[in-house]
Amino acid sequence: MLSGEWRIRKNDELETLFHKPSILETIKNKRLLWAGHAWRSQNPYVWYWRKTLMEKDRWEDHVGDGRTELGMM
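According to numbering that gives the first Met the number 0, the residues represented by the sequence shown are 0 to 72, in order.
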């Protein structure tokens, strides 16, 4: 193996060398992640919970409210 030559390695060799999961395991995991994403997009309770967490007040919104109250807009 230490002949000093470069060669193209096979996927099986790379998996054993770097202890990474196979491409099939990776695809299965991604499918499960996508299934969870699809389920959350159809479940209104989870969507409402995530939506309230993502809502943030912006400085421009408060400035705009103040201008309308003062009649500046």
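Idealized CB from N, CA, C, for every residue including glycine.
Asked, Found
"Straight-line gap, ILE26 to SER2 (C-alpha atoms, nearest Å)", "35 Å"
"Range of the contiguous alpha helix (DSSP H) that encloses GLU12", "10-17"
"Under the three-state DSSP convention, the category SER21 falls into", "coil"
"C-alpha gap between HIS36 and LYS29, whole angstroms", "10 Å"
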